[in-house]
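Visitor:
Number of protein chains: 2
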Amino acid sequence: MLSRRQLLILQAIVDDYVQTAEPIGSRSMSKREDISFSPATIRNEMADLEEMGYIIKPHSSAGRIPSNKGYRLYVDHLLRPEPLQEHEILDMEKFFTRRISEVEAVMRKTAAVLSELTSYVSVVLGPEMEHTRLKQLQMLPLSGRQAIAILVTDSGHVENRTFDIPEQMNASDLEKVVNILNEQLVDTPIGQWEERLLTETRRLLHRHVRHYEDMFGVLRDAFKTQRSDQVFYGGMMNLMMQPEFQDVDRVRMIFEWLDRSENVHTLLSRTQEGLSVRIGRENDIEAFADLSMITATYSIDGSTVGSLGVIGPTRMEYERVIRLIRQFATGLSTSLTRKYRHDK
Amino acid sequence: MLSRRQLLILQAIVDDYVQTAEPIGSRSMSKREDISFSPATIRNEMADLEEMGYIIKPHSSAGRIPSNKGYRLYVDHLLRPEPLQEHEILDMEKFFTRRISEVEAVMRKTAAVLSELTSYVSVVLGPEMEHTRLKQLQMLPLSGRQAIAILVTDSGHVENRTFDIPEQMNASDLEKVVNILNEQLVDTPIGQWEERLLTETRRLLHRHVRHYEDMFGVLRDAFKTQRSDQVFYGGMMNLMMQPEFQDVDRVRMIFEWLDRSENVHTLLSRTQEGLSVRIGRENDIEAFADLSMITATYSIDGSTVGSLGVIGPTRMEYERVIRLIRQFATGLSTSLTRKYRHDK
DNA sequence: TGTTAGCACTCAAGATTAACGAGTGCTAAT
DNA sequence: ATTAGCACTCGTTAATCTTGAGTGCTAACA
Numbered sequence: 000m001l002s003r004r005q006l007l008i009l010q011a012i013v014d015d016y017v018q019t020a021e022p023i024g025s026r027s028m029s030k031r032e033d034i035s036f037s038p039a040t041i042r043n044e045m046a047d048l049e050e051m052g053y054i055i056k057p058h059s060s061a062g063r064i065p066s067n068k069g070y071r072l073y074v075d076h077l078l079r080p081e082p083l084q085e086h087e088i089l090d091m092e093k094f095f096t097r098r099i100s101e102v103e104a105v106m107r108k109t110a111a112v113l114s115e116l117t118s119y120v121s122v123v124l125g126p127e128m129e130h131t132r133l134k135q136l137q138m139l140p141l142s143g144r145q146a147i148a149i150l151v152t153d154s155g156h157v158e159n160r161t162f163d164i165p166e167q168m169n170a171s172d173l174e175k176v177v178n179i180l181n182e183q184l185v186d187t188p189i190g191q192w193e194e195r196l197l198t199e200t201r202r203l204l205h206r207h208v209r210h211y212e213d214m215f216g217v218l219r220d221a222f223k224t225q226r227s228d229q230v231f232y233g234g235m236m237n238l239m240m241q242p243e244f245q246d247v248d249r250v251r252m253i254f255e256w257l258d259r260s261e262n263v264h265t266l267l268s269r270t271q272e273g274l275s276v277r278i279g280r281e282n283d284i285e286a287f288a289d290l291s292m293i294t295a296t297y298s299i300d301g302s303t304v305g306s307l308g309v310i311g312p313t314r315m316e317y318e319r320v321i322r323l324i325r326q327f328a329t330g331l332s333t334s335l336t337r338k339y340r341h342d343k
Numbered sequence: 000m001l002s003r004r005q006l007l008i009l010q011a012i013v014d015d016y017v018q019t020a021e022p023i024g025s026r027s028m029s030k031r032e033d034i035s036f037s038p039a040t041i042r043n044e045m046a047d048l049e050e051m052g053y054i055i056k057p058h059s060s061a062g063r064i065p066s067n068k069g070y071r072l073y074v075d076h077l078l079r080p081e082p083l084q085e086h087e088i089l090d091m092e093k094f095f096t097r098r099i100s101e102v103e104a105v106m107r108k109t110a111a112v113l114s115e116l117t118s119y120v121s122v123v124l125g126p127e128m129e130h131t132r133l134k135q136l137q138m139l140p141l142s143g144r145q146a147i148a149i150l151v152t153d154s155g156h157v158e159n160r161t162f163d164i165p166e167q168m169n170a171s172d173l174e175k176v177v178n179i180l181n182e183q184l185v186d187t188p189i190g191q192w193e194e195r196l197l198t199e200t201r202r203l204l205h206r207h208v209r210h211y212e213d214m215f216g217v218l219r220d221a222f223k224t225q226r227s228d229q230v231f232y233g234g235m236m237n238l239m240m241q242p243e244f245q246d247v248d249r250v251r252m253i254f255e256w257l258d259r260s261e262n263v264h265t266l267l268s269r270t271q272e273g274l275s276v277r278i279g280r281e282n283d284i285e286a287f288a289d290l291s292m293i294t295a296t297y298s299i300d301g302s303t304v305g306s307l308g309v310i311g312p313t314r315m316e317y318e319r320v321i322r323l324i325r326q327f328a329t330g331l332s333t334s335l336t337r338k339y340r341h342d343k
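Note that the protein sequences, when read in sequence, are chains A and B. Residue numbers for the first sequence follow numbering that gives the first Met the number 0, so the first one is 0 and each next one is one higher. Residue numbers for the second sequence follow numbering that gives the first Met the number 0, so the first one is 0 and each next one is one higher.
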């Protein structure tokens, strides 16, 4: 177990290093106001801390920097984030009540502001729609051969998509298609659509509708890509301001990884409920060797539907970011809950 | 006027430099197969070319690299791009006929593939909708207080947007609103909507509809953001592979500029019809000092509606990029034209 | 007269060395 | 248990040297 003094020293190392990005030496630390021991004492304690793996020397005659284990201890035991202040919650209220009705716009804005405030990279995962069920499907023929399909889910979410009606199909065919689809898909969770479409629905369409094959292709395309589980990014450029990312190749590798949104998607979606901090290699991702990620989940009516995160160097201002992410997660939750509850 | 030999040498310098990114010396050039003179002769010619401003020495004992003026000459007189091959056009046909009905998806894909093939940065500007006119406006009330507005333009483009119906409004109010909007806005070019909305339409709504103010706010929001003039990016990371962009700050500045899509939007939209090449400072943008941009416009039914471009170092493979961009521009044009003509 | 060989000169880049200093570990004194 | 003292380490910076690719100029040559 670590002594009170060792904890104090570790804390000082992390705090200083987060600010300066320079290794901390015993001499300079002894000058801090909250430290009252001599450099030699500090050196002894540091040697112990190093032996236990909480801090590291970049080279034998340098000061110490926190190891990942050190950051972990810091986050788990030395941070005692105060609950959100009244006014912080109010700020978020204000931010989210500006009635932007499109969910997509809210997400985009959230990512932008979150990265702006933290000055790290932010990622926001749109609300998960796997478990919502179809409530109503409408198709609206437009001029020419286009039509628009409108999907309303039981959570009040509306998705719409335009598509081309296959050449040989007439109005009554279309109507049949809509009827069959409604019959088949209403009350089916979105996650099961694909399977449903490919089996029963397909058989039914085959039996009752001419040229069903053409239609089927179109339908699959239209329904497959759920726009909802998009990933929104903010503040990529902030990464390039950090002194530890002055190497273009390094940055490029990270960006390339982030650029594949499926990467970020899986990373974010397997995050645990509530708030989580993953430091460096804890993410076991090659590109994340010296990056940390703080994530939080947001919910509608109490059930988790999505998550958002901040990605920065392991040398990150954990306390501040945790605070901000909390704010945004609760803000997003209340805002979405209000929106959807209101609509029911 | 430049002699045949001078042109040959200039061409050799550009070609070599584009490949290697290293200054070209007289010695190494004399070893090229297509060059038959001695280093000394080449030196003399180079001295003349330099005096005329076509090439530059990075420092007094280095080889030569093309100046912007040199690139300009190269592009204008030394490139004689052959017309597109049959099979190249066919490739594009194939690429664009995969029936992706959403225009947005086409644009996104175009940007991705264009950057992939060129290995530079690509930007694609969605089709301009300023001059299209509204053909039909529908509103479809959904469950709860949501409704969906569907706009069909005379070019066959469909845009739709969900919004919240203000609390105190009932079905007949909504119907009135739709009628008034249709009356007012059908056949009005999109560019004039905002003005129209703010003047006459507003008055009419005021006279005939209760609670018009709430509704009006919603309408403005919904109609203002035309999703159509979005900018789509591809291959940002490619920039970081170029040897001239190994400085993170430099890259960050460029990215920050590109990140503001309004920048790119104005840059692209004021591009001249057909194909254009702008080299380095010709773009008069601080961040573009050593970047070149090649743009082309695409059209629907012969009238220009948008543009796409490739951004890379001034040391760019102009010939190859011009070729590719031509391909994509014509491909996009025929594809969009087919789509919209078909729908009328 | 245009081309080329020869040669002195330039200058960026890389290697070598030296001085510096912030930092350490260890020992002995407090 | 703490701290002063001291020898030692090693990255950083600046100074110096070497190398080599490249130049411009002059004089010889076809």
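Think of the CB as a built atom: it goes at the ideal place given N, C-alpha and C, for glycine as much as any other residue. Just so we're clear, the structure is a prediction, and the values are computed from it rather than from any experiment.
Contact criterion: CB-CB distance below 9 Å. Does Leu331 (chain B) meet it with respect to chain A?
Guide: No, because no Cβ of chain A sits closer than 9 Å to the Cβ of Leu331 (chain B).
Visitor: Would you mind listing the beta strand (DSSP E) stretches within the segment 227-263 of chain A that are 3+ residues and don't spill past its ends, in chain order?
Guide: The segment 227-263 of chain A contains these whole beta strand (DSSP E) runs: 230-233.
Visitor: Going along chain A in order, which residues have a C-beta closer than 7 Å to the C-beta of Asn159 (chain B)?
Guide: Near Asn159 (chain B) (Cβ distances below 7 Å), the residues of chain A are Ile147 and Asn159.
Visitor: So, are the CB atoms of Glu105 (chain A) and Leu331 (chain A) less than 9 Å apart?
Guide: Note on identity: in this sequence residue 105 (chain A) is Val, with Glu being the wrong assignment. Closer than 9 Å, so yes.
Visitor: So with Cβ pairs under 9 Å, would you call Glu255 (chain B) a contact of chain A?
Guide: At least one chain A Cβ lies under 9 Å of Glu255 (chain B).
Visitor: What number of angstroms, rounded off, separates the C-alpha of Met128 (chain A) from the C-alpha of His76 (chain B)?
Guide: Near 57 Å, if we compare the C-alpha coordinates of His76 (chain B) and Met128 (chain A).
Visitor: Taking 8 Å as the cut-off, does the segment 76-88 of chain A touch the segment 197-205 of chain A (at least 3 CB pairs, one atom from each stretch)?
Guide: Not touching, per the Cβ criterion.
Visitor: Once you ignore the five residues that flank Phe244 (chain A) on each side, which residues in its own chain have a CB closer than 8 Å to its CB?
Guide: The residues are Leu238, Val250, Ile253 and Pro312.
Visitor: Can you check DSSP and say which residues form a bridge with Gly305 (chain A)?
Guide: BP columns for Gly305 (chain A) point to A:Tyr297.
Visitor: Using CA coordinates, which residue listed in A:Ala20, A:Val17 and A:Leu72 is at the minimum distance from Gln418 (chain A)?
Guide: With chain A covering 0 to 343 only, the question about residue 418 (chain A) has no answer from this structure.
Visitor: Would a C-beta distance cut-off of 9 Å place Leu1 (chain A) and Met51 (chain A) closer than the cut-off?
Guide: Going by C-beta atoms, Leu1 (chain A) is nearer than 9 Å to Met51 (chain A).
Visitor: For Pro188 (chain A), write down the residues that DSSP places opposite it in a beta bridge.
Guide: Bridge partners of Pro188 (chain A): A:Arg132.
Visitor: Under 9 Å between the Cβ atoms of Arg195 (chain B) and Asp172 (chain B)?
Guide: In this structure, Asp172 (chain B) does not lie closer than 9 Å to Arg195 (chain B) by Cβ.
Visitor: Any residues in the segment 236-265 of chain A with a beta carbon nearer than 8 Å to a beta carbon of chain B? Which ones, in chain order?
Guide: Here the close residues are Met236, Met239, Met240, Phe244, Gln245, Asp246, Val247, Asp248, Val250, Arg251, Phe254, Glu255 and Asp258.
Visitor: Pull up the DSSP beta-bridge partners for Asp404 (chain A), would you.
Guide: There is simply no residue 404 (chain A) to check, as chain A begins at 0 and stops at 343 in what is shown.
Visitor: Under the three-state reduction of DSSP, which class applies to Leu1 (chain B): helix, strand or coil?
Guide: Three-state result, Leu1 (chain B): coil.
Visitor: Just list the beta strand (DSSP E) runs in the segment 56-108 of chain A, keeping only unbroken ones of 3 residues or longer that don't cross its boundaries, in chain order.
Guide: The segment 56-108 of chain A contains no whole beta strand (DSSP E) run of 3 or more residues.
Visitor: Determine, using beta carbons only, whether Leu141 (chain B) comes closer than 9 Å to chain A.
Guide: It does; some Cβ of chain A falls within 9 Å.
Visitor: Buried or exposed: Leu197 (chain B), going by 16 or more other Cβ atoms within 10 Å of its Cβ?
Guide: Answer is exposed; the Cβ neighbour count stays below 16.
Visitor: Looking only at C-alpha atoms, which of B:Ser118, B:Gln135, B:Arg144 and B:Asp258 sits nearest to Asn178 (chain B)?
Guide: Among B:Ser118, B:Gln135, B:Arg144 and B:Asp258, the Cα nearest to that of Asn178 (chain B) belongs to B:Gln135.
Visitor: Going by DSSP in three states, Lys343 (chain A) sits in which element: helix, strand or coil?
Guide: Low local confidence applies: a pLDDT of 46 at Lys343 (chain A) is under 50, so the model's placement there is unreliable, and no value is given.
Visitor: Spell out a yes or no on whether the segment 11-18 of chain A and the segment 46-66 of chain A are touching, meaning 3 or more CB-CB pairs, one atom from each, closer than 8 Å.
Guide: Taking 8 Å as the limit for Cβ pairs, the verdict is that the segment 46-66 of chain A does touch the segment 11-18 of chain A.
Visitor: With distance defined between alpha-carbon atoms, name the residue in B:Ser334, B:Leu150 and B:Glu193 nearest to Leu89 (chain B).
Guide: Comparing Cα-Cα distances from Leu89 (chain B) to each of B:Ser334, B:Leu150 and B:Glu193, the minimum goes to B:Ser334.
Visitor: Taking 9 Å as the threshold (beta carbon to beta carbon), is Ile12 (chain B) in contact with chain A?
Guide: It does not; no Cβ of chain A falls within 9 Å.
Visitor: Per the DSSP calculation, Arg277 (chain B) is bridged to which residue(s)?
Guide: Looking at the DSSP assignment, Arg277 (chain B) forms a beta bridge with B:Met292.
Visitor: Quick one: any contact between the segment 61-71 of chain B and the segment 19-26 of chain B, if contact means 3 or more CB pairs under 8 Å?
Guide: Yes, the segment 61-71 of chain B is in contact with the segment 19-26 of chain B.
Visitor: Which term fits Asn159 (chain B), buried or exposed, when burial requires 16 or more other beta carbons within 10 angstroms of its beta carbon?
Guide: With 16 or more Cβ atoms within 10 Å of its Cβ, Asn159 (chain B) is classed as buried.
Visitor: For Glu92 (chain B), go through chain A and note every residue whose CB falls closer than 8 Å to its CB, in chain order.
Guide: Residues of chain A passing the Cβ test: none, with the nearest at roughly 18 Å.
Visitor: So who's on the other strand from Thr152 (chain A), going by DSSP bridges?
Guide: A:Leu133, per the DSSP bridge assignment.
Visitor: Establish whether the CB of Asn181 (chain A) and some CB of chain B are separated by less than 9 Å.
Guide: No, Asn181 (chain A) does not count as interfacial toward chain B.
Visitor: Give me the chain A residues within the contact set of Glu115 (chain B), using Cβ-Cβ distance strictly less than 9 Å, ordered along the chain.
Guide: The premise fails here: Glu115 (chain B) is roughly 12 Å from chain A at the closest Cβ pair, so nothing lies under 9 Å.
Visitor: Using a cut-off of 8 Å between C-beta atoms, extract the partners of Trp285 (chain A) located in chain B.
Guide: Checking the displayed sequence, the identity of residue 285 (chain A) turns out to be Glu instead of Trp. The premise fails here: Glu285 (chain A) is roughly 16 Å from chain B at the closest Cβ pair, so nothing lies under 8 Å.
Visitor: Quick check: is the beta carbon of Gln229 (chain B) nearer than 9 Å to any beta carbon in chain A?
Guide: No, no contact with chain A.
Visitor: Please state the DSSP three-state secondary structure of Gly24 (chain A).
Guide: Of the three classes helix, strand and coil, the one that applies to Gly24 (chain A) here is coil, per DSSP.
Visitor: Tell me which residues share the same chain as Met138 (chain B) and place their Cβ nearer than 8 Å to its Cβ, disregarding the 5 neighbours each side in the sequence.
Guide: So the qualifying residues of the chain are Ala146, Ile147, Ala148, Ile149, Leu173, Val176 and Val177.
Visitor: Residues of chain A with a CB under 9 Å from the CB of Glu174 (chain B): which are they?
Guide: None at all; the shortest Cβ gap to chain A is about 17 Å.
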